[in-house]
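Residue numbers (the working numbering): 5 to 297.
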């Protein structure tokens, strides 16, 4: 109501607009329009909610740290949207991807990003012929048999991005598909604000690449059963798949949560050593809220 924060903007009929300033990441902001005349104050029927989301942010991924399969720096993009049923920040590219997809059938590794088996922290890169890492794959359906949703300790969004990012739940994916979005195909999902596309999957037997450029599978953080996890077949349905498949993931954030930083091991190359000194390097992968030493 006008009993608390308000912006006064002119008089008369027609379109009016205003700027909300000094906003920060984290809170959900709720806004409605109002008008006042001699009879009293009227309000818009619906309260609009939104969050301030980082349009871009850089993350350093280090091979072997928090499940990253290779080392690289990625510029991620995110957007405020209520497709999950409430205001939240969503990535508009896959975790581990170098860029957003350029089309619904973009079959490049750069847009596909990395792949994860259900409730496993290790991510996998596939360049079309080679799986990286090649020695960590959990093969066959029965080898991942556990009664558990995806835990926060294994959530790749939490591990690799920090700051409150996590996997979407089945309910959130269900809301995204439903009206008013009403995704009936992956083309609808690609045209949406989060730009899902046909990034494919890695087969459960040996991690072979399948359907990149022709089909979309994205994990939810919710399990269907002990050997199956829920996933979205982008744009059309929520279904379930063996937990031993590896799918790409998208990340969602409700609020900014400060977590402990993630730092790589220290490397002391012999070229940096003298008779009484050694030069060491380490890499900060997840940004904390204060400085680093």
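We put the beta carbon where it would ideally sit given N, CA and C, even for glycine. As the structure is a prediction and not an experimental result, all values here were calculated from the model.
Judged by DSSP in its simplified three-state form, residue 153 adopts coil rather than helix or strand. Per DSSP, the continuous alpha helix (DSSP H) segment holding residue 181 begins and ends at 174-181. Non-local beta-carbon contacts of residue 37 in its own chain, meaning distances under 6 Å to residues more than five positions away in sequence, involve 48 in chain order.
Under DSSP, residue 170 forms a beta bridge with 256. Contact check for residue 251 against residue 120 passes: the beta carbons are separated by less than 9 Å. For residue 84, the enclosing beta strand (DSSP E) stretches over residues 76-85.
With contacts defined as CB atoms closer than 9 Å, residue 128 and residue 212 fail to qualify as a contacting pair. Residue pairing from DSSP places residue 44 in a beta bridge opposite 41. For residue 193 and residue 148, the gap between their C-alpha atoms comes out near 29 Å.
In this chain, the beta strand (DSSP E) harbouring residue 227 covers 222-227.
For residue 237, DSSP records a beta bridge to 241. Residue burial is scored here from C-beta neighbours: residue 271 has fewer than 16 other C-beta atoms within 10 angstroms and is therefore classed as exposed.
In the three-state reduction of the DSSP assignment, residue 114 falls in the helix class. Burial is judged here by how many other beta carbons sit within 10 angstroms of a residue's own beta carbon; residue 13 has fewer than 16 and is exposed. Pairing residue 32 with residue 229, the inter-Cα distance amounts to about 33 Å.
Membership of residue 194 in the alpha helix (DSSP H) is indicated by the continuous run 190-195.
With contact defined as three or more Cβ pairs closer than 8 Å, the segment 153-160 and the segment 135-143 are not in contact. In the assembly as shown, residue 256 is a buried residue. Its beta-carbon has 16 or more other beta-carbons within 10 Å. Considering only 41, 244 and 59, the residue with the shortest C-alpha distance to residue 122 is 244. Between residue 198 and residue 276, the alpha-carbon positions lie close to 45 Å from each other. Inter-residue distance for residue 70 and residue 62 is about 16 Å (C-alpha atoms, whole angstroms).
The three-state reading of DSSP puts residue 95 in strand, counting E and B together. Residue 134 is bridged by DSSP to nothing; it lacks a bridge partner. For residue 57, there is no enclosing alpha helix (DSSP H), since its DSSP letter is neither H nor E.
In the displayed model, residue 276 falls within a helix according to three-state DSSP. Comparing C-alpha distances from residue 226 to each of 152, 280, 237 and 84 shows the shortest one belongs to 152. Counting of Cβ neighbours within 10 angstroms places residue 247 among the buried residues, the total reaching 16 or more. Bounds of any alpha helix (DSSP H) do not take in residue 73, whose DSSP letter is neither H nor E. Annotated as distal: residue 183 and residue 88, with beta-carbon spacing of 9 Å or more.
DSSP lists 79 as the beta-bridge partner residues of residue 62.
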